[in-house]
Amino acid sequence: MTNMRLLYYKIGIFHSFAVYDVKENVALRNLMKRLCSYVLLLACTFLLTACSVTKTDKDRIRDIDFTVVDTEAVPEELAAQIEEAKAEPFRLTYGDDGYLYIARGYGTKDTSGYSVEVPECYETSNAVCMKSSLLGPDKTEEVQNKPTYPYVVIKMEYSDKNVEFD
1 MTNMRLLYYK IGIFHSFAVY DVKENVALRN LMKRLCSYVL LLACTFLLTA CSVTKTDKDR
61 IRDIDFTVVD TEAVPEELAA QIEEAKAEPF RLTYGDDGYL YIARGYGTKD TSGYSVEVPE
121 CYETSNAVCM KSSLLGPDKT EEVQNKPTYP YVVIKMEYSD KNVEFD
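If you read the sequence shown in full-length UniProt numbering, its first letter stands for residue 1, the second for the next number, and so on.
Set out below in structure tokens:
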């Protein structure tokens with residue numbers, strides 16, 4: 001074969017592959033568009049079906065009797081969860097032996113002297129509501145410059161209602 005024929009032969013093969021590649025790329029592009037559309041449709045379906053809005057009734061049915069639990073009396077599993085989450089603000093619930101434990105933490109504070117107050121805990125038609133607030137150090141109290149993790153754990157009769165933190 002002469003060099004010129006070899007050159008035409010190579011160009012012809014290249015040309016046929018290029019045409020094939022373009023056709024394949026168009027088909028692949030259409031397939032990818034269709035696949036992306038299906039994935040997007042599926043994701044929207046999951047998002048719309050998973051989201052639900054529950055309107056919380058704020059009308060009090062009754063006040064709930066609760067006790068503030070000492071650190072030593074907190075169940076082990078809940079204590080482990082608190083230890084893991086205490087550096088950041090947290091809201092935890094834990095049910096055990098007919099009791100519901102509700103924990104509310106306020107994250108890392110730079111000094112000592114902080115405390116958490118629970119002024120009220122009440123039940124509505126569809127939720128248990130716990131109000132808590134972080135109290136800063138007293139002006140008369142001696143404050144140490146070390147990180148602390150203020151939190152409170154309360155114990156009440158078990159309820160399977162949602163817990164709302166205010």
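By construction, the Cβ of each residue, glycine as well, lies at the ideal position given by its N, Cα and C atoms.
- The three-state secondary structure of Ile82, taken from DSSP, is helix.
- For Lys131, the secondary structure class from DSSP, reduced to helix, strand or coil, is strand.
- Going by beta carbons, Leu100 and Met156 fall inside the 8 angstroms limit.
- Contact between the region 141–158 and the region 105–116 is present: three or more C-beta pairs spanning the two stretches fall below 8 angstroms.
- Taking the Cα positions, Asp166 is about 41 angstroms away from Ser37.
- Tyr122 sits away from Ile82, with the two beta carbons spaced by 8 angstroms or more.
- Per DSSP, the unbroken beta strand (DSSP E) holding Thr93 starts and ends at 89–96.
- For Val39, the three-state secondary structure derived from DSSP is helix.
- Arg60 and Asn126 have their alpha carbons spaced roughly 10 angstroms apart.
- Per DSSP, the continuous beta strand (DSSP E) segment holding Glu117 begins and ends at 115–123.
- If you look at Phe165, you'll find it in the beta strand (DSSP E) that goes 162–165.
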